[in-house]
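Structure record follows, encoded as structure tokens.
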Amino acid sequence: MKNYLEYNGYIGTLEFSADDKIFFGKIHGITDLVTFEGSSVTELEESFKEAVEDYLGTCKLLNKVPDKTYKGSFNVRVSQELHQKIALLAVKKGLNLNEIVKEAISYIVKHEEVLN
12 MKNYLEYNGY
22 IGTLEFSADD
32 KIFFGKIHGI
42 TDLVTFEGSS
52 VTELEESFKE
62 AVEDYLGTCK
72 LLNKVPDKTY
82 KGSFNVRVSQ
92 ELHQKIALLA
102 VKKGLNLNEI
112 VKEAISYIVK
122 HEEVLN
């Protein structure tokens, strides 16, 4: 089951408000908060596409880069046991811990369908 929308390289998450009886979401991977909504799946999809196009158009007018900038580094917390196993694996493979983590992440990105 896919609980997100994709359009023009952007991803929008999906939620439902039972109180308001409306679907809504936000665009991820951009520098601003942009939301969209619809009372049906079709309306939600159209609203998402329109939100992406409007955002990109606004960024172009303002000469602004729309995509969020990622540093390329982040902290990962794991159990002590996993930390030990991955550190020993790195030694066996002649790599450092960072290289092992990069390999694992690259594999998951290339094979995202194995998740879930």
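The number in my numbering is simply the position in the sequence shown, starting from 1, with 11 added.
Ideal Cβ placement from N, Cα and C applies to all residues, glycine included.
#1: Roughly how many whole angstroms lie between the Cα atoms of ILE33 and GLY68?
#2: For GLY40, which residues from the same chain have a beta carbon less than 7 Å from its beta carbon, with the 5 sequence-adjacent residues on both sides left out?
#3: Classify LEU16 as buried or exposed, calling it buried when 16 or more other Cβ atoms lie within 10 Å of its own Cβ.
#4: Taking the beta carbon of ILE38 as the centre, do at least 16 other beta carbons fall within 10 Å, making it buried, or is it exposed?
#5: Starting from the Cα of ALA98, find the closest Cα among VAL112, ALA29 and SER58 and give me that residue.
#6: Just tell me which of PHE59, THR53, LEU106 and SER51 has its CA closest to the CA of THR24.
#7: Pick helix, strand or coil for LYS37, following the three-state DSSP scheme.
Let me spell this out:
#1: 26 Å
#2: TYR21, ILE22, ASP78 and LYS79
#3: Buried: at least 16 other Cβ atoms inside 10 Å.
#4: buried
#5: Measuring from the Cα of ALA98, the nearest candidate turns out to be VAL112.
#6: PHE59
#7: strand
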